[in-house]
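Sequence lines, in order, name chains A and B.
Just so we're aligned, residue 1 is where the first sequence starts under my numbering, counting upward by one.
Just so we're aligned, residue 1001 is where the second sequence starts under my numbering, counting upward by one.
No residue lacks a Cβ here, since even glycine has one placed at the ideal position from N, Cα and C.
On a predicted model such as this, the values are computed, not experimentally measured, just so you know.
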Amino acid sequence: EVQLVESGADLVKPGGSLRLSCAASGITFSDASMSWVRQAPGKGLEWVGHINSKTDGGTIDYAAPVKGRFTISRDDSKNTLYLHMNSLEIDDTAVYFCATSGLSHWGQGTLVTVSP
Amino acid sequence: DIQMTQSPSSLSASVGDRVTITCRASQGIRNDLGWYQQKPGRAPKRLISAASSLERGVPSRFSGSGSGTEFTLTISSLQPEDFVTYYCLQHNSYPPTFGGGTKVEIK
């Protein structure tokens, strides 16, 4: 069974930084492309970014609102995906989900609150 | 970016009703579309991939159709646990984009 467990939830001030983690099991993580998706309170779903597996080139793409501020990385030895968030803005407040390739399986999400 | 226009944004129905939700893409996306169900406080769950392929374990009352720019999700007979929110997602081109969601409420 695929399991994805996000962690790193916190309350941060605008301009601050935070790192989220997503621990994966039940998949061959090193072969998996992974994504981050977020959902602001009471709003819809927004794709944040994506990292391919190393065998697929390890390429990374970001949504325009986070490009230059967020960085996605992975540690295949730890079966863990990361989202490094810098220069956080109030509009980044959301539940952040990690998901497997094709957004087929999702974690339970972790809440990031950006507030003065 | 490809825009996904989902309609209606909400609907009221009764247990046993047949309902249809539509997603229109701003340009052709072949069949690169999934449908997701999201219960309050939970992660989205994919119901359908490739526009019409039912995920394993998803009840057969759910079905998807369409190709190109117009897609539908049909629930043939609403059950009490179906009164939640549904989203479409296109992954034909980057960035992947979601529809705005449809909240199915009890009449």
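Considering Cα atoms alone, identify which of the options is closest to residue i.
i	options	result
V5(A)	L11(A), I27(A) and R69(A)	I27(A)
G1099(B)	A1013(B), L1033(B) and V1019(B)	L1033(B)
S1093(B)	S87(A), H50(A), S104(A) and G57(A)	H50(A)
T1085(B)	S1052(B), Q1006(B) and A1051(B)	Q1006(B)
F97(A)	K78(A), C22(A), N79(A) and A64(A)	C22(A)
S143(A)	T93(A), L103(A), P65(A) and L81(A)	Missing from the structure shown is residue 143(A); chain A here goes from 1 to 116 and no further.
D1082(B)	Q1090(B), K1103(B), G1057(B) and P1095(B)	K1103(B)
Q1003(B)	G42(A), L18(A), E46(A) and L11(A)	E46(A)
A63(A)	D92(A), G42(A) and K43(A)	D92(A)
Leaving out the 5 sequence neighbours to the left and right, which residues in its chain are closer than 6 Å to residue i when beta-carbon positions are compared?
i	result
S30(A)	D76
N52(A)	S33, G58 and T59
S1065(B)	S1052 and T1072
R74(A)	I51 and L81
Our contact map puts residue i next to residue j with C-beta atoms below 8 Å; I'd like the distance itself, whole angstroms only.
i	j	result
T71(A)	V2(A)	No, T71(A) and V2(A) are not in contact; Cβ-Cβ is about 24 Å, not under 8 Å.
T1074(B)	R1030(B)	Contact flag wrong, Cβ pair sits at about 20 Å.
Y1036(B)	L1089(B)	6 Å
Between residue i and the rest of its own chain, which residues show a CB-CB distance below 7 Å, the 5 nearest in sequence each way excluded?
i	result
P14(A)	L88, E89, I90, V114 and P116
L111(A)	A9 and V95
K1107(B)	S1012, A1013 and S1014
H105(A)	V2, L4 and A99
Short of 8 Å in beta carbon distance, which residues of its chain neighbour residue i, apart from the five on each side in sequence? Order them along the chain.
i	result
T55(A)	S30 and D31
>> Does the region 1021-1029 of chain B come into contact with the region 1067-1080 of chain B, if we say contact requires no fewer than three beta-carbon pairs (one atom in each stretch) closer than 8 Å?
In response: yes
> Which residues, in order along the region 1074-1098 of chain B, keep a beta-carbon less than 8 Å from a beta-carbon of chain A?
Replying inline: Y1087, L1089, H1091, Y1094, P1095, P1096, T1097 and F1098
>> Beta carbons nearer than 9 Å to chain A: which residues of the region 1047-1058 of chain B have them?
In response: S1049 and E1055
> Would you say the region 1037-1056 of chain B touches the region 1007-1019 of chain B, given that touching needs at least three Cβ pairs under 8 Å?
Replying inline: no
> Using a Cβ cut-off of 9 Å, which residues of the region 90-113 of chain A contact any Cβ in chain B, in chain order?
Replying inline: V95, F97, A99, G102, L103, S104, H105, W106, G107, Q108 and G109
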